[in-house]
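Residue numbers (my numbering): 537 to 1164.
Just so you know, even glycine gets a beta-carbon here, dropped at the ideal spot from N, CA and C.
Read through the structure below, which is laid out as structure tokens, and then see the notes.
Put into structure tokens, the structure is as follows:
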């Protein structure tokens, strides 16, 4: 081959390459143009200008009829314009080229359904299923189309047909359960969830959450429980014991739940873990009797279980919480301050003894420390034996000085030191809480507030204010509101140190439950006409402490005089609210209480106590009608 021939071939190759490159460039430009047109049409559609979008989509579909996005967009606009005829025609034309595309049958059925041709829609959907009756995806596509059109009964029919032919029938059960729930056929929904569990027991937690959503109607609960019982009877799978126990808990039938939980433990883990978790939950929900029974079962029947030590603490704690129910009933919650309440002291001593046995048996362990701490709280809060409580908290700290229990014990010892008026010692304990890296955030917060109050009680107002500002900066702090109030008091009155010192002294006496002594100081301040802001606060505290001391007539007289004064008072609405409570709870004068609360509603419509006053009126009226 000569040189001229080679040159000709080279020229041809170069020409062809240039042609191909040019064609690719033209195609890319064309594609960009189409994409820009498509985005423009979408913008029109989103703006609600459907006719503008329609014209562009039509042109795009003519240019590229194979593009699925153009097809779907065009059909969507037809439907938005309620042009069902053209929507059907568009889909049918595509079906002629793709007769086995089930998606097109789903779309066509939707068009017919929206245009009120429900029978025709059903027929088209059924035809779509016949294309490949063994393909589970087809049933899901058609069912989804029916669901989108809220044709729930049709969707259920389709899914049940798919379930009948599928090798793994439960794959449709989630969708069916959801549809049965939407259509309020809760028993059938429960059956589907149970079917899932027979094949996939690991889904138990998910199924629990879903059944909880439908387990609300009182008439439905027994039917769902019966359905689960039948599945357990047929399969003997332990997972249904778990579910059934959970349903009994939701139905507040803890004793029935415990029986099943014991049976479940025997069939599965056999170590008491599930019974222990159940007992903890029962204790949190204040089902103390069942919790005690569960803890006791572990102690008595599973002596080698690793949960026995914690079960012993739990058992003692359940006894304590059971007694606390009686204690709480005796607390006059309507009072800001009240004298320490003591009930069932002999029974609380038995609880303390139970904790002592645990602490002795598991000496110097974490379990022992928990028992010692709880024992300390019983002596402190329920038996008023401060010296014993102090010794027990000290043991907790010595056994584990850097634990979270040590932080809690330091805090309680600080509170006891305040009661003994040992403020410097108290400050050391509260500081220890802040130094402990494992201190719970709420305990740290309260310790910081107590340190600020100690500065305040000692007359060191500048340092008290600095500590309070640190608390105030953290808006999530539980003590923020109290810190703001105290800081406002200090900053407003720090130039009048004599009166502020008197108020701080009364506050400390109040903290120490020395209400009579504190009341005398507040009375002296309230009678001082030359102090304004502080006088209002002193009036309030004096009234609150008279109430704490059960001096109700004196408190009523004071509050009545304060309310009748013409001058502005920061706490006028609070005075009325307290007066109403004294009439109702303290003196049993219901009509006067109602009148007082009505007075608050009329005079202070923006008061923080407005809603509470209305609730009190309703409470009194209901109690009055019940007694008739």
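Nearest to residue i (by Cα), restricted to the options the options
{"i": "residue 684", "options": "620, 656, 642, 847", "result": "642"}
{"i": "residue 845", "options": "856, 903, 793", "result": "903"}
{"i": "residue 1100", "options": "767, 1124, 1136, 1073", "result": "1136"}
{"i": "residue 1143", "options": "1158, 965, 1130, 1109", "result": "1109"}
{"i": "residue 857", "options": "821, 622, 1147", "result": "821"}
{"i": "residue 1071", "options": "1045, 616, 1107", "result": "1107"}
{"i": "residue 853", "options": "866, 876, 891, 864", "result": "891"}
{"i": "residue 989", "options": "951, 1104, 793", "result": "951"}
{"i": "residue 799", "options": "790, 781, 617", "result": "781"}
Whole-angstrom distance between residue j and residue i, CA atom to CA atom
{"i": "residue 1160", "j": "residue 831", "result": "43 Å"}
{"i": "residue 785", "j": "residue 748", "result": "11 Å"}
{"i": "residue 563", "j": "residue 745", "result": "Because residue 563 carries a pLDDT of 49, less than 50, the predicted location of this residue cannot be relied on, and no value is offered for it."}
{"i": "residue 659", "j": "residue 711", "result": "22 Å"}
{"i": "residue 654", "j": "residue 605", "result": "27 Å"}
{"i": "residue 948", "j": "residue 772", "result": "51 Å"}
{"i": "residue 928", "j": "residue 1057", "result": "35 Å"}
{"i": "residue 651", "j": "residue 625", "result": "14 Å"}
{"i": "residue 614", "j": "residue 702", "result": "36 Å"}
{"i": "residue 1068", "j": "residue 814", "result": "57 Å"}
{"i": "residue 841", "j": "residue 809", "result": "9 Å"}
{"i": "residue 1062", "j": "residue 1018", "result": "22 Å"}
{"i": "residue 631", "j": "residue 640", "result": "7 Å"}
{"i": "residue 973", "j": "residue 816", "result": "27 Å"}
{"i": "residue 619", "j": "residue 603", "result": "21 Å"}
{"i": "residue 835", "j": "residue 807", "result": "11 Å"}
{"i": "residue 955", "j": "residue 1046", "result": "10 Å"}
{"i": "residue 588", "j": "residue 669", "result": "41 Å"}
{"i": "residue 1112", "j": "residue 1141", "result": "13 Å"}
{"i": "residue 793", "j": "residue 763", "result": "16 Å"}
{"i": "residue 931", "j": "residue 965", "result": "14 Å"}
{"i": "residue 1081", "j": "residue 873", "result": "7 Å"}
Cut-off 6 Å between Cβ atoms - residues of its own chain near residue i, not counting five sequence neighbours on either side
{"i": "residue 1040", "result": "992, 993"}
{"i": "residue 870", "result": "1117, 1121"}
{"i": "residue 1157", "result": "none"}
{"i": "residue 590", "result": "613"}
{"i": "residue 694", "result": "675, 678, 679"}
{"i": "residue 577", "result": "589, 592, 593"}
{"i": "residue 967", "result": "none"}
{"i": "residue 1149", "result": "1133, 1136, 1137"}
Beta-carbon proximity list for residue i, same chain, < 8 Å, skipping 5 on both sides
{"i": "residue 750", "result": "717, 722, 725, 726, 756, 760"}
{"i": "residue 862", "result": "879, 880"}
{"i": "residue 573", "result": "592, 595, 596"}
{"i": "residue 697", "result": "665, 675"}
{"i": "residue 634", "result": "640"}
{"i": "residue 729", "result": "709, 713, 743, 746, 747"}
Contacting residues, own chain, Cβ-Cβ under 7 Å from residue i (five flanking each side not counted)
{"i": "residue 975", "result": "940, 943, 969"}
{"i": "residue 731", "result": "706, 709"}
{"i": "residue 1085", "result": "1051, 1052, 1055"}
Extent of the continuous alpha helix (DSSP H) to which residue i belongs
{"i": "residue 916", "result": "Premise fails: residue 916 is in no alpha helix (DSSP H) and is neither H nor E."}
{"i": "residue 845", "result": "844-866"}
{"i": "residue 668", "result": "Premise fails: residue 668 is in no alpha helix (DSSP H) and is neither H nor E."}
{"i": "residue 1133", "result": "1126-1139"}
{"i": "residue 1008", "result": "997-1009"}
{"i": "residue 804", "result": "Unbroken run through residue 804: none, as it is neither H nor E."}
{"i": "residue 632", "result": "620-633"}
{"i": "residue 645", "result": "638-650"}
{"i": "residue 1088", "result": "1088-1100"}
{"i": "residue 700", "result": "688-701"}
{"i": "residue 964", "result": "959-971"}
{"i": "residue 673", "result": "672-684"}
{"i": "residue 1047", "result": "1033-1047"}
Residue i Cβ short of 8 Å to the ligand GTP heavy atom set
{"i": "residue 793", "result": "Here there are no bound small molecules, and the ligand GTP is not part of this structure."}
Contact between the stretch 1031-1038 and the stretch 1001-1017 (3+ Cβ pairs under 8 Å):
no
The stretch 886-894 in contact with the stretch 905-919 per 3-pair CB rule at 8 Å:
yes
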